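Here is the structure we will look at, set down as structure tokens.
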Amino acid sequence: NADTLLHAPLADNGEYRDISHVSFCWDDASVVPKPLTAEKRATGTYDRTITWNLTKTVDPASHMGVAGDSFNSLWTVTATKDEQLGNYKVTGTITIDNPNGFPVDFSVTDELDDGTLAGVDCASATADNQDSGTVAANDSATCSYSASPPNKNATSNEALVTSKTDGVDGTSAQADITWNENVKGDEEVKLDDPRLNIS
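With the first letter of the sequence shown counted as 1, position 178 gets the number 179 in our numbering; the numbers rise by one all the way through.
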């Protein structure tokens, strides 16, 4: 931009002073900070715990007679299957990319679509969860997270990355949740009685 009002300093007599050199400072408008980007992964797991309860009944339950009499009773053994679902967890990673030529400070929050908040840890070597950190210039940083929802109704979760460096925008990342079942116990049982040679 031109400026016709620029001139050398004036002397007391109103004449321009002599100058030996001029220094200019300016901002390079072509260097614009770029926003952070992020991607994430999500895996859901839960336990299906199986237990079996056995009940035995006999009919008739008693007999009356004299010595030498023989009697028959029918024994019935019933196996009842019980299943309990629990220990729901959603875990994964959040990878934050910094396309700028300088480090950027950030913080992260993560929430399932059922409202469950996740604990985010961006410094595994430090005790307890650290939900903030610094991503180096032209580099990436990875945070892990874990949530414990009450059931498997959640289908996705979203991470919100907030930049703490002026001029750099944050970002968000979303991932669908794939639920995997861990079976604890036996799907089927086989009753046997070695004393009666039944199996």
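Note that CB positions come from ideal geometry on N, CA and C, so glycine has one too. Given the structure is predicted, the values throughout are model-derived calculations rather than measurements.
Return the CA-CA distance between N2 and D170, expressed in angstroms with no decimal places. Within the sequence shown, numbered from 1, the residue matching residue 2 stands at position 1. Within the sequence shown, numbered from 1, the residue matching residue 170 stands at position 169. With a pLDDT of 49 at N2, under the threshold of 50, the modelled position of that residue is not reliable, and no figure is offered here.
Look at the alpha carbon of W180 and the alpha carbon of A39, and state the distance between them as a whole number of angstroms. Indexing the sequence shown from 1 puts residue 180 at position 179. Indexing the sequence shown from 1 puts residue 39 at position 38. C-alpha separation (whole angstroms): 23 angstroms.
Those runs of the beta strand (DSSP E) which lie wholly inside the region 58-98 and span at least 3 residues: Fully contained in the region 58-98 is no beta strand (DSSP E) run of length 3 or more.
How many angstroms separate the CA atom of K57 from the CA atom of T81? Translated into the one-based positions of the sequence shown, residue 57 becomes position 56. Translated into the one-based positions of the sequence shown, residue 81 becomes position 80. Roughly 11 angstroms separates the two Cα atoms.
Determine the contact status of K153 and D48, defining contact as a CB-CB distance below 7 angstroms. Here the question's residue 153 lines up with position 152 in the sequence shown. Here the question's residue 48 lines up with position 47 in the sequence shown. Cβ distance not < 7 angstroms, so K153 and D48 don't count as in contact.
Could you spell out the range, first to last residue, of the beta strand (DSSP E) harbouring Y146? Position 145 of the sequence shown holds residue 146. 140-148 is the extent of the beta strand (DSSP E) around Y146.
Among the candidates Q175, V91, E189, A119, whose CA atom is the shortest distance from the CA of W53? Sequence index remark: in the sequence shown, residue 53 carries index 52 (1-based). When only C-alpha atoms are compared, the closest one is E189.
Would you say the region 91-108 touches the region 138-145, given that touching needs at least three Cβ pairs under 8 angstroms? yes
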